[in-house]
Each structure stands twice: as structure tokens, then as C-alpha cells.
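Report on one structure; see the data block that follows.
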Amino acid sequence: EELMKEVEERDHLRNFQPIFTGQHIMEIFNLKPGPEVGKLKIALREAILEGKIKNTSEESREYIIEIAMEIGIKV
């Protein structure tokens with residue numbers, strides 16, 4: 364039973380998707396699909412899973428803008 368719980372938790376984390384999608388990111392920054400979108404998606408997912416931000420549109424948007432500026436994407 365304990366092992367089953369661990370497996371379920373790992374599956375949940377692996378399958379977790381932020382409320383903000385790549386499409387949202389592309390619309391905010393007027394980007395086409397590419398590595399920048401991927402970097403932002405990964406940074407957002409990690410921030411949510413690590414508890415740095417909540418999985419809400421407002422916090423996700425603020426965080427994405429902050430990270431984009433750090434990596435040189437025009438806001």
C-alpha cells in the first residue's frame with residue numbers, strides 16, 4: 364500500500380501540467396514555438412512544483428515575465 368502511494372505521487376508529479384501552457388507563453392511574448400518557450404515552460408513547472416509560486420494565472424504570468432527578462436526575451 365505504501366509503495367502504491369509513492370508510485371501514484373510520482374505519476375502525479377510526472378504528469379503535472381501548469382495552468383499556463385506554451386500557447387499562453389507564445390501569446391504573451393509574441394513568440395513562435397521554439398527553445399525559448401520550452402525554457403519558460405520548464406522554469407514555470409519547476410517553480411510550481413517547488414512551491415515558489417502557486418499554479419494560478421496571475422502568479423504564473425508574473426513569474427514567466429520575470430524569467431523571460433532574466434534570459435533576455437523582450438517583454
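Counting from 364, one number per residue, gives the positions in the sequence shown under the working numbering. Heads up, the beta-carbon is just placed ideally off N, CA and C, and yes, glycines get one too. Nothing here was measured: the structure is a model prediction, and the numbers come from that model.
Report yes if the C-beta distance between V438 and I428 is below 8 Å; otherwise report no. I428 sits close to V438, with the two beta carbons spaced by under 8 Å.
Sort E390, F379, F392 by Cα distance to A410 and report the nearest one. Closest by alpha carbon: F379.
If you check the beta carbons only, do M389 and P396 fall under 8 Å apart? Result yes, Cβ atoms of M389 and P396 sit closer than 8 Å.
Please name the residue in G401, G385, K402 whose C-alpha comes closest to that of S420. From the listed residues G401, G385, K402, the smallest Cα separation to S420 is found for G385.
Opening and closing residue of the alpha helix (DSSP H) in which I405 lies: Run containing I405: 398-412, per the alpha helix (DSSP H) assignment.
Using three-state DSSP, classify Q386 as helix, strand or coil. Here Q386 sits in helix by DSSP.
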